[in-house]
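> Under full-length UniProt numbering, read the sequence shown as residues 1 to 180, first letter to last.
Virtual Cβ for every residue (Gly too), placed ideally from N, Cα, C.
What follows is a single structure, and I will ask about it in a moment.
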Amino acid sequence: MKSLFILPLMTIATSSFATNWSITPQSNVGFYIQSMGVKVVKGRFNQVQSNFNLDPKAIQNAQANFTMNVNSLSLSKPSMMNMMMGKDLFYAEKYKTVTFKSSQFKPLGQNKYAVSGQLTLRGVTRPVVFTTTLTPTNDKSLMAIHSSTQIDRSDFGMKPAFGGIGEKVNLVVDGQIRSK
Numbered sequence: 001m002k003s004l005f006i007l008p009l010m011t012i013a014t015s016s017f018a019t020n021w022s023i024t025p026q027s028n029v030g031f032y033i034q035s036m037g038v039k040v041v042k043g044r045f046n047q048v049q050s051n052f053n054l055d056p057k058a059i060q061n062a063q064a065n066f067t068m069n070v071n072s073l074s075l076s077k078p079s080m081m082n083m084m085m086g087k088d089l090f091y092a093e094k095y096k097t098v099t100f101k102s103s104q105f106k107p108l109g110q111n112k113y114a115v116s117g118q119l120t121l122r123g124v125t126r127p128v129v130f131t132t133t134l135t136p137t138n139d140k141s142l143m144a145i146h147s148s149t150q151i152d153r154s155d156f157g158m159k160p161a162f163g164g165i166g167e168k169v170n171l172v173v174d175g176q177i178r179s180k
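Encoded structure:
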């Protein structure tokens, strides 16, 4: 009879203490494109919805979701906006969001993780792996984040390299996440 009462207590004691976190508004979620080693253009999504479900003591069990509003994009070269939002690249008229949904946080040591998941861009979903560093801060409700990966834009239905803009796109998240 005593074991009937102990089992639920053990379940509570061993359950995860995961909480919800989100990227802070000051953080940068965006991309840059290089050509011959020089950054040709940098972009930032100014409207980002994010949710991290994580326990800082067991980040390998975390989950992350991002939704970026394509029409909130700002560029380091505003003169390129029409080209970026047009049919050859983002095709913002038809595809309003870019999404990422994680499937695994693989520990690499020293606060680094290989975050695998599905990136959906222009209605095309492909697996990607972000190299991510999550660093605790003195404020227990904040963690520093740096995350990056590189994709070939033609894999997502974008026009291959043209007009001096390279095929490779570097996706980045730099800033902080805060517990909700």
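Flag this pair as touching only if the stretch 100 to 111 and the stretch 74 to 82 have three or more C-beta atom pairs under 8 Å; answer yes or no.
Taking 8 Å as the limit for Cβ pairs, the verdict is that the stretch 74 to 82 does not touch the stretch 100 to 111.
> Report the three-state DSSP secondary structure of proline 78 (helix, strand or coil).
helix
> Who are the Cβ neighbours of lysine 39 in its own chain at under 6 Å, not counting the five residues just before and after it?
Cβ-Cβ distances below 6 Å link lysine 39 to Tyr32 in the same chain, with the five nearest sequence neighbours on each side left out; the list follows chain order.
> What did DSSP end up calling glutamine 118 once you bin it into helix, strand or coil?
For glutamine 118, the secondary structure class from DSSP, reduced to helix, strand or coil, is strand.
> Between the stretch 48 to 63 and the stretch 77 to 88, can you find at least three pairs of beta-carbon atoms closer than 8 Å?
Output reads no: the stretch 48 to 63 does not touch the stretch 77 to 88.
> Does the stretch 135 to 143 come within contact of the stretch 112 to 125, defined as at least 3 CB pairs closer than 8 Å?
no
> Would you tell me roughly how many angstroms separate the C-alpha atoms of tyrosine 95 and alanine 18, rounded to the nearest one?
33 Å
> Given glutamine 34, which residues of its chain have a CB within under 8 Å of its CB, disregarding the five upstream and five downstream residues?
Val40, Gly166, Lys168 and Asn170
> Against chain B, with Cβ distances strictly below 8 Å, would arginine 122 count as a contact?
This model lacks chain B altogether; it includes just one protein chain.
> Under the rule that 16 or more other beta-carbon atoms within 10 Å means buried, what is residue 186, buried or exposed?
No answer is possible for residue 186: it lies beyond the span of the chain, which begins at 1 and ends at 180.
> For threonine 149, does the count of other Cβ atoms within 10 angstroms reach 16, so buried, or fall short, so exposed?
buried
> Would valine 98 be called buried (16 or more neighbouring beta carbons within 10 Å of its own) or exposed?
buried
> Quick check on DSSP: helix, strand or coil for asparagine 111?
coil
> Across which residues does DSSP place serine 103 in a beta bridge pair?
Serine 103 pairs with nothing; no bridge assigned.
> So what does DSSP say about residue 181, is it helix, strand or coil?
For residue 181 there is no data in the structure shown, the boundaries of the chain being 1 and 180.
> I need the straight-line Cα distance from glutamine 63 to methionine 81, nearest angstrom please.
Spanning the two alpha carbons is a distance of roughly 32 Å.
> Tell me where the beta strand (DSSP E) around serine 22 begins and ends.
Annotation: the continuous beta strand (DSSP E) that includes serine 22 extends over 19 to 23.
> Quick one: give me the first and last residue of the beta strand (DSSP E) that isoleucine 151 is part of.
142 to 152
> For valine 172 and lysine 180, I'd like the C-alpha separation in whole angstroms.
Cα-Cα distance, rounded: 22 Å.
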